[in-house]
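Reading through the structure tokens given below for one structure.
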Amino acid sequence: MLRRAPRPLRPRLAARLCQPQPQPPRRTSSTSTTPGTSTSPTATHRPHPPSPPAHGHLPGAPRSALTTELHFFNSVLEGQQIPTYRVVDGNGDVVQGAEVPDVGREFARRLYETMMMLPSLDTVLYSAQRHGSISFYMTTHGEEASVVGSAAALEPTDEVLGQYRELGVLLWRGYPLSSIMAQVFSSTDDSATKGRQMPVHFGSPPHHFHTISSPLATQIPQAAGVAYALKRDPARRGSVAVCYFGEGAASEGDFHAGLGMASVLGGPCIFFCRNNGFAISTPAAEQYAGDGIAARGPGYGVYTIRVDGNDAWAVYNAVKEARRLTLENQKPVLVEAMTYRVGHHSTSDDSYAYRAKQEVEDWKRVDNPLFRLRKYLEARGWWSAEEESALRLSQRKEIMAAFQHAEARPKPPLGEMLRDVWGGEEPWMLREQREELRGLLGKYGAVWEPWRRELARFEGGGRDVMHPGAEGVGVGVEEDPDEPQ
Ligand SMILES: Cc1ncc(C[n+]2csc(CCOP(=O)(O)OP(=O)(O)O)c2C)c(N)n1
Ligand SMILES: [Mg+2]
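For what it's worth, the UniProt record's numbering labels the leading residue of the sequence shown as 1, then goes sequentially.
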């Protein structure tokens with residue numbers, strides 16, 4: 001058999017191996033001297049064998065120190081959990097040694113007002129679902145500081161890829177209540193998704209908010225890609241990608257794919273985990289055995305911080321610094337915000353089937369992000385009880401006005417649901433589905449009461465499907481202003 005001649009070492013590797021290596025510390029105690037390895041010049045007349053290098057030289061871990069200690073480890077900080085960064089305590093008092101951001105009265109008030117808008121909206125829309133006005137809803141109760149506090153630390157052109165519980169980011173960016181209502185009611189005014197997404201699956205290009213898709217964790221590798229694109233585009237220098245996800249979503253393979261990609265390819269990216277203790281009914285303790293999500297950051301060589309997610313200022317500071325770090329290094333940063341999901345997972349869930357109601361009531365009282373910020377503002381004379389009542393009233397009024405407007409608006413023409421997926425000529429299967437729908441509408445549309453009622457809610461009453469081309473709402477008749485011409 002032919003034997004191949006040994007390949008010469010690659011020049012860089014050869015140079016590294018020939019370099020004098022730093023020496024491991026010598027043991028001085030007598031017990032450390034084992035036969036044949038004595039370092040005493042008088043112990044033997046033979047020349048010393050070359051000392052082993054102090055660092056590994058293999059490509060997988062080139063800076064790993066060599067050690068004789070047979071030691072396994074399973075935590076980032078030996079024996080301790082990763083600490084939680086905090087600025088104000090449960091009563092809104094600044095913790096000793098903590099630094100409050102220098103943002104001023106107006107900014108602080110706006111932060112509070114935006115956080116307060118969330119529970120007001122949530123209460124109205126949650127009960128709207130219960131009354132059958134909308135099909136689905138998810139609240140942010142308990143996570144107001146994590147969501148709005150982080151949004152406030154971003155620039156408006158940072159690209160946000162959310163999971164579904166991040167309506168507060170849109171509110172902070174000035175997304176109007178009318179658009180929120182149009183989306184949850186799937187009305188004809190829903191310009192971003194034309195009524196075709198489930199409620200809370202928002203998307204808004206002008207607000208740099210990528211459309212929500214609820215298969216868990218898909219946004220994580222996408223965010224890695226967005227960050228890489230930002231890194232490569234000189235026109236977008238200074239913007240970052242921000243990816244929100246739950247601790248449950250972090251159990252998906254996409255979490256690992258996304259962090260692996262982002263850490264190797266680089267690019268400005270903040271991975272923001274809302275660790276709210278539950279993935280529907282699965283508590284965090286059944287989701288991971290390690291030290292939360294933060295412990296995984298160093299595994300990917302990613303700068304990481306754990307933060308008190310119910311402390312708006314801690315979240316703000318952490319994300320501000322994460323943003324600076326990721327822009328400076330063009331490498332991702334991971335933030336794990338520790339919080340508690342006070343509401344049910346969604347309108348499809350009853351969380352008292354898997355957690356005690358009292359537990360939830362206790363959390364609301366003991367660690368309430370809205371209360372903490374309000375107390376902070378009041379202590380500075382930046383907020384009062386009168387302003388609190390006035391805010392609640394005016395927000396409720398604004399919400400109800402937008403709600404009533406959207407409720408009265410029709411849904412887009414029925415045939416819209418079959419449009420915009422493919423460009424060019426309509427594919428055969430869509431034609432078939434349209435024909436099938438036309439047949440069913442012809443048979444039941446006018447005579448079966450539930451369908452009659454439902455059809456009446458669509459602009460044109462379904463005629464664009466039943467009689468294509470008629471009424472000016474026929475398929476292919478209108479021009480779509482969003483479509484490149
Ligand atoms: C791939 C996939 N599996 C399962 C689901 C069903 N599901 C929807 S939300 C959810 C829990 C997610 O929990 P977490 O990521 O912690 O977010 P949270 O709801 O707590 O904000 C699950 C399992 C899904 N949407 N996608
Ligand atoms: Mg969760």
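Glycine is no exception: its CB is placed at the ideal position from the N, C-alpha and C atoms.
- DSSP places D464 outside any beta strand (DSSP E); the residue lies instead in the alpha helix (DSSP H), whose first and last residues are R463 to M466.
- In this structure, Q219 lies away from G267, with their beta-carbon atoms at least 8 Å apart.
- Counting other Cβ atoms within 10 Å of its Cβ, D254 reaches 16 or more and is therefore classed as buried.
- Three or more beta-carbon pairs drawn from the segment 81 to 92 and the segment 282 to 298 are found closer than 8 Å, and the two stretches are therefore classed as touching.
- Contact between the segment 402 to 416 and the segment 181 to 195 is present: 3 or more CB-CB pairs across the two stretches fall below 8 Å.
- Rounded to whole angstroms, the separation of the alpha carbons of G60 and F202 is 42 Å.
- DSSP places H256 within a helical segment (H, G or I) once states are collapsed to three.
- Around the Cβ of Y354, a 10 Å sphere holds fewer than 16 other Cβ atoms; the residue is exposed.
- Taking the Cα of S120 as reference, the smallest distance to any Cα among S213, T140, Q129 and A108 is reached at T140.
- Its Cα nearest to that of A241, the residue R232 stands out among R232, V76 and P283.
- When the five nearest sequence neighbours on each side are left out, the beta carbons in the same chain lying within less than 8 Å of the beta carbon of L167 are those of L118, L121, T140, V147, I180, V200 and F202, in order along the chain.
- Proximity annotation: ligand 2 has residues G246, E247, G248, R274, N275, N276, G277, F278, A279 and R341 in chain order, each selected because its CB is closer than 7 Å to a heavy atom of the ligand.
- As for any alpha helix (DSSP H) of minimum length 4 sitting wholly inside the segment 393 to 463, the runs are 428 to 444 and 449 to 455, ordered along the chain.
- Pairing Q197 with W172, the inter-Cα distance amounts to about 22 Å.
- Within 7 Å of the C-beta of R355 there is not a single heavy atom belonging to ligand 1.
- L66 counts as exposed, since fewer than 16 other beta carbons sit within 10 angstroms of its beta carbon.
- If you check the C-beta of R165 against ligand 1, you find a heavy atom less than 7 Å away.
- Counting C-beta pairs with one atom in each stretch, the segment 312 to 319 and the segment 99 to 112 have three or more that are closer than 8 Å, which means they touch.
- In the same chain as A249, and ignoring 5 residues on each side of it, the C-beta atoms closer than 7 Å to its own belong to Q163, L216, A217 and F255, in chain order.
- Residue pairing of Y85 in beta bridges, as defined by DSSP: V307.
- Beta-carbon to beta-carbon, T157 and S239 are separated by about 5 Å, close enough to satisfy the 8 Å threshold.
- A direct Cα-Cα distance of roughly 9 Å separates E247 from Y288.
- Secondary structure in the segment 141 to 172: the alpha helix (DSSP H) runs of 4 residues or longer, each lying completely within the stretch, are 144 to 152 and 167 to 172 in chain order.
- Taking the CA atoms as reference points, V360 sits about 6 Å from V342.
- Note on the segment 312 to 350: whole alpha helix (DSSP H) runs with a minimum of 4 residues are 312 to 329, in chain order.
- Shortest gap from the CB of S135 to any heavy atom of ligand 1: 7 Å or more.
- Assigned with DSSP and collapsed to three states, V184 falls in helix.
- Inclusion of H345 in the 7 Å shell around ligand 1 follows from its C-beta lying nearer than that to a non-hydrogen atom of the ligand.
- Between G142 and A379, the beta carbon gap of about 23 Å keeps them out of contact (Cβ cut-off 8 Å).
- Per the DSSP secondary-structure output, N368 pairs with nothing in a beta bridge.
- Between G445 and M417, the C-beta gap is not smaller than 8 Å, which leaves the two residues out of contact.
- Nearest to A182 by alpha-carbon distance, out of V335, H131, F403 and G132, is F403.
- Checking the DSSP bridge columns, you'll see P283 partnered with F278.
- The alpha-carbon separation between A223 and H57 amounts to approximately 34 Å.
- Taken atom to atom, the span from the alpha-carbon of S346 to that of E286 is near 20 Å.
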